[in-house]
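Written out below as structure tokens is the structure these notes cover.
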Amino acid sequence: MLNPLAVTWSILGVSALLGCAIYRLSVHVFALNFSELSDFHWLTLISFSLFMAYSEGYRGFQKGFSPRVAARVRYLKNSTNLIEMLLSPLFVMGFFNTTRRRQITVIVLVIMLALLIQLMHFVPSPWRGIIDTGVVIGLTWGLVSFYYFTWLALTTADFPYSPELSPNK
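This is how it looks when you write it as structure tokens:
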């Protein structure tokens, strides 16, 4: 009974986290007055967007986060307990019941992201919109890759990615 609930809650939780970030940052993207951007602004916008698509979208999400999270969703499909079910979005993202290294990486990443988000409040327009455009592209790539890998994890017999469970699991 817990397994379908855990799988659904984990997918909804990760989707809400990424979707909310995309929505909130999109406000700054749509606030950009593209007709007033200089050539330098356009060059920066295109360059940073390509950089974020590659670094955040492809390398960060598609090659790292999404397959690992999908593997943990797959684990929940086959085996879970009440704590993992209740906290399944946190479980699949690697906040607990994972290797010590992964847990430290996740916590440090969250702290760094929180600091960067606070610093972004001081960035003036149009730079805030330019930066947020790249971040939205990366996050959108991440959400799509999360859905893709989760689909594979839940529907194929062989999913070659590790859920990186803690050694005592």
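The numbering of the sequence shown is the numbering used here, which starts it at 4 and goes up by one.
Yeah, the Cβ is synthetic: ideal placement off N, Cα and C, and Gly gets one too.
DSSP places Y151 in the uninterrupted alpha helix (DSSP H) bounded by W130 to T158.
Considered as a whole, the region 25-107 harbours 42-55, 69-81, 85-89 and 91-96 as its complete alpha helix (DSSP H) runs of no fewer than 4 residues, in chain order. Minimum Cα-Cα distance from M55 among the listed residues S165, N171, L142 and A156 corresponds to L142. Taking a cut-off of 8 Å for Cβ pairs, the region 128-136 and the region 30-42 touch, as three or more such pairs fall below it. By the neighbour-count definition (other C-beta atoms within 10 Å, threshold 16), I133 is a buried residue. In the same chain as R103, and ignoring 5 residues on each side of it, no C-beta atom comes closer than 6 Å to its own.
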